[in-house]
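Protein chains in written order, with the working numbering: chain A, 1 to 133; chain B, 1 to 133; chain C, 1 to 133; chain D, 1 to 133.
Heads up, the beta-carbon is just placed ideally off N, CA and C, and yes, glycines get one too.
Notes to accompany the following structure.
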């Protein structure tokens, strides 16, 4: 099972930070490994305190189900097939945009989680990070 | 109180695994006893990490209320009579398809919980397991 | 990163069960993968309900620190260097005998956790399981 | 309120990583701000999974009480004045070596938490990090 290294995580985070600076919104950025465990996290100056937990858990969620949290969220709305999934895993499941699996050679090797702005901002920053793997 | 034995649980899990293999989706499968306590769990290779907790808690939920989690979910939607029940029991209540009570001679003797695919896949695999009791 | 498969976990659990039967004490046996996530669990008929959580978390702990839980416990006594470690990781750290890392080709690829008897019994059963990897 | 910036945190972490490399033991290193909230975390390749939570909470603890966790631990032994404090704050209080307040101009502006080796190793690495503020 291939997994991200700390060097990988730092490259992903650096790309995410650069994108957040362009967007003009400070962010929390976290990277989890293939086991869903945290590898690295940064909170940019001025970013929300409540987003520490959210960024770490968006990364966990994206690896836990090998899916973007935005897509999971679409399936977790009232009336949808996974409604209620956010109550599982001791409060670690995040069902809004900002978590993206990290893939290498076709395998999920970890995930990035971003929190600090609008859903669209979080998603854009996460995509920039994921692209840097 | 009649309750499932480990041998029962293994038979149920084996049937669920066989159905999951047919469906082509690796699953987490758990069996709880008449007390709602875990008897056995397996995570098939490649199944989602986040589904460990969900499968165990779907089994708990199905026995906790003697109801399929799919049916409980219908009553737990916004505006419905049990909306909010997923906040109870310290995060153990799952309100989407995949949990089914196990019955023998008219009594609930345990439950199966399945997680790893779509709601329809989880339900189909759980039904196959329940039928093997 | 090498990790245990479900087939590996079943072989480990079968060996542990056989040893538990010799010892004459029903046990909970759990196997975690290289990421600390549960692969499989069984509760033998008559084994303690409270040991479900303990067996799963002994396996987690043994992988989380790549150490036998018995050895961690020696370092977690009052006055020792890791006293208080059992308060970390949301209550998942077990500091008494029964958790052993699973090694293959020099790497830790998972862990076994056993709970259901005395410390010496749990340890003996876990050793039998670990030897079967 | 003066508090560490992300740049400060990275300088502290870099010094801690350099010391950990000298010691030859991979570590988790976390830095919290003046509010006790995480600013940055890294898990060096091969460092214990269970130390993610511990490093973050050693930093929290050192700021929460403006004290080194090693010193808090001395007062938290059975029979001592703070025995039992590790049960407070939802499992976030760490009472063994590796957490150190970060001071600037006489004020505590954050804290570093290190976990991954013996108590003496964690302390040495944390001191190296703290000295780099």
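If residue i and residue j are in contact, beta carbons under 8 Å, what's the gap, nearest whole angstrom?
| i | j | result |
| --- | --- | --- |
| residue 86 (chain B) | residue 87 (chain A) | 4 Å |
| residue 130 (chain A) | residue 39 (chain A) | Contact flag wrong, Cβ pair sits at about 14 Å. |
Hey, how far is the Cα of residue i from the Cα of residue j?
| i | j | result |
| --- | --- | --- |
| residue 197 (chain D) | residue 24 (chain B) | Summary: the structure shown does not reach residue 197 (chain D), with chain D confined to residues 1 through 133, and so no result is reported for it. |
| residue 91 (chain C) | residue 58 (chain D) | 16 Å |
| residue 77 (chain C) | residue 83 (chain C) | 5 Å |
| residue 4 (chain D) | residue 110 (chain B) | 53 Å |
| residue 138 (chain C) | residue 81 (chain C) | Lying before the first or after the last residue shown, residue 138 (chain C) is absent from chain C, which here runs from 1 to 133. |
| residue 7 (chain A) | residue 102 (chain C) | 27 Å |
| residue 37 (chain A) | residue 94 (chain C) | 19 Å |
| residue 120 (chain A) | residue 133 (chain C) | 47 Å |
| residue 34 (chain C) | residue 35 (chain A) | 7 Å |
| residue 54 (chain B) | residue 108 (chain C) | 26 Å |
| residue 69 (chain D) | residue 43 (chain A) | 24 Å |
| residue 17 (chain D) | residue 112 (chain B) | 47 Å |
| residue 104 (chain C) | residue 71 (chain A) | 37 Å |
| residue 56 (chain C) | residue 32 (chain A) | 22 Å |
| residue 60 (chain D) | residue 89 (chain C) | 14 Å |
| residue 73 (chain A) | residue 73 (chain C) | 42 Å |
| residue 22 (chain B) | residue 22 (chain A) | 48 Å |
Pull the bridge partners of residue i from the DSSP assignment, please.
| i | result |
| --- | --- |
| residue 67 (chain D) | In DSSP, residue 67 (chain D) forms no bridge with anything. |
| residue 115 (chain A) | A:28 |
| residue 108 (chain C) | C:103 |
| residue 42 (chain C) | B:40 and C:29 |
Does residue i pass the burial test, meaning 16 or more other C-beta atoms within 10 Å, or should it be called exposed?
| i | result |
| --- | --- |
| residue 20 (chain B) | buried |
| residue 15 (chain D) | buried |
| residue 2 (chain D) | exposed |
| residue 51 (chain D) | buried |
| residue 106 (chain C) | exposed |
| residue 79 (chain A) | exposed |
With a cut-off of 8 Å, does the C-beta of residue i fall near any C-beta of chain F?
| i | result |
| --- | --- |
| residue 45 (chain C) | Here chain F cannot be found, since the structure's protein chains are A, B, C and D. |
(Q) For the stretch 20 to 38 of chain B against the stretch 57 to 69 of chain A, do three or more pairs of beta-carbon atoms, one drawn from each stretch, fall closer than 8 Å, so that the two count as touching? (A) In the pairwise beta carbon analysis, the stretch 20 to 38 of chain B is classified as not touching the stretch 57 to 69 of chain A: fewer than three pairs are separated by under 8 Å.
Q | the stretch 110 to 119 of chain D / the stretch 44 to 56 of chain D touching (three or more Cβ pairs under 8 Å) | A | Proximity of the stretch 110 to 119 of chain D to the stretch 44 to 56 of chain D meets the contact definition, three or more beta-carbon pairs being nearer than 8 Å.
Q) Within the chosen definition, does the stretch 122 to 132 of chain D reach the stretch 94 to 103 of chain D through at least 3 CB pairs nearer than 8 Å? A) Yes, since at least three Cβ pairs between the stretch 122 to 132 of chain D and the stretch 94 to 103 of chain D fall closer than 8 Å, the two stretches touch.
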